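Data block below; observations after.
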Amino acid sequence: MKFKVAEDVDAPVGFVFERMLDFSQFEADIRGRGADLRRVDNWTRAEKGVRWRGSVQVRGKMRRIEAELDDVIRDEMVSIQITVGGMEARYQMTFIALSPQVTRVAAELDLKPRTLTARLIIQTMKLARGRVLQRMTGTLARQGNQIEADWRRGAQG
Numbered sequence: 083m084k085f086k087v088a089e090d091v092d093a094p095v096g097f098v099f100e101r102m103l104d105f106s107q108f109e110a111d112i113r114g115r116g117a118d119l120r121r122v123d124n125w126t127r128a129e130k131g132v133r134w135r136g137s138v139q140v141r142g143k144m145r146r147i148e149a150e151l152d153d154v155i156r157d158e159m160v161s162i163q164i165t166v167g168g169m170e171a172r173y174q175m176t177f178i179a180l181s182p183q184v185t186r187v188a189a190e191l192d193l194k195p196r197t198l199t200a201r202l203i204i205q206t207m208k209l210a211r212g213r214v215l216q217r218m219t220g221t222l223a224r225q226g227n228q229i230e231a232d233w234r235r236g237a238q239g
């Protein structure tokens with residue numbers, strides 16, 4: 083099952099890419115929602131091969147999660163392979179320079195169930211597809227708004 087959303091950000095592609103790959107804010111947000119997510123090997127720079135482990139709540143139950151940054155093309159694309167419970171997922175963000183000052187960020191989440199429980203979760207998500215897309219769009223828009231504000235304040239680098 084795939085979910086796709088996009089957001090145009092009023093900032094140059096290089097700036098947007100760097101801000102989107104600052105995972106410290108993402109990690110803080112997810113911990114704020116009750117998840118336990120830790121970097122493996124305490125890496126400081128987002129590059130291919132970096133990993134996270136921990137647990138997240140899915141349908142009221144804590145489930146083990148592992149994630150790995152499996153592809154990075156600077157200023158173009160980043161892909162994260164995720165395993166949570168009996169489900170595999172790939173989260174990919176693509177960065178397209180629409181102009182020197184505007185970047186389109188397209189996010190795609192592809193979920194593949196590997197167990198019966200995961201299949202049931204996917205079926206529930208199909209019924210709530212609109213809400214899932216709305217959440218993804220809202221998250222991407224909030225990130226985009228913060229990046230735009232940082233760019234306008236002159237935090238260019």
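Take 83 as the starting number for the sequence shown in this note's numbering and just add one per residue.
The C-beta atom is built at its ideal place from N, Cα and C for all residues, glycine as well.
All values reported here derive from a predicted model rather than from experimental measurement.
Nonlocal neighbours in the same chain, by C-beta distance under 6 Å from residue i, ignoring five residues either side
i, result
"A149", "W134, I162, I164"
"D232", "none"
"I146", "In the sequence as displayed, the identity of residue 146 is Arg instead of Ile. Cβ neighbours of R146 beyond the five flanking positions: S137."
"V132", "W125, L151"
Closer than 7 Å: residue i CB and nearest the ligand FMN heavy atom
i, result
"I203", "Absent from the structure shown: the ligand FMN. Ligands present: none."
Proximity of residue i and residue j at Cβ, strictly below 8 Å
i, j, result
"V98", "V91", "yes"
"L151", "A179", "no"
"M83", "I204", "yes"
"A93", "E230", "yes"
"K194", "E170", "yes"
For residue j and residue i, the rounded distance between their alpha carbons
i, j, result
"G96", "E158", "9 Å"
"V166", "F108", "17 Å"
"R120", "L209", "31 Å"
"N227", "R201", "35 Å"
"G116", "R217", "17 Å"
"K130", "G168", "24 Å"
"R196", "R186", "32 Å"
"M207", "R213", "9 Å"
"Q225", "L198", "34 Å"
"G114", "I155", "29 Å"
"R101", "S181", "18 Å"
"E89", "R211", "18 Å"
"T219", "R234", "22 Å"
"S106", "I112", "10 Å"
"Q139", "D123", "24 Å"
Cβ separation of residue i and residue j, assumed to be a contact under 8 Å, to the nearest whole Å
i, j, result
"S137", "D118", "5 Å"
"V160", "L103", "6 Å"
Close beta carbons around residue i, own chain, < 7 Å, minus the five adjacent residues each side
i, result
"L215", "F85, V87"
"Q238", "In this prediction, Q238 has a pLDDT of 47, which is less than 50 and means its spatial position is unreliable; what the coordinates show is noted afterwards. So the list reads F97, once near-sequence residues are dropped."
Residues of its chain near residue i, where Cβ-Cβ distance is below 8 Å and the 5 sequence neighbours each way are ignored
i, result
"Q183", "D92, A93, P94"
"R141", "I203, T206"
Requested in this report: Check whether the segment 166-177 touches the segment 185-195, taking contact to mean three or more Cβ pairs, one atom from each stretch, closer than 8 Å.
Outcome: yes
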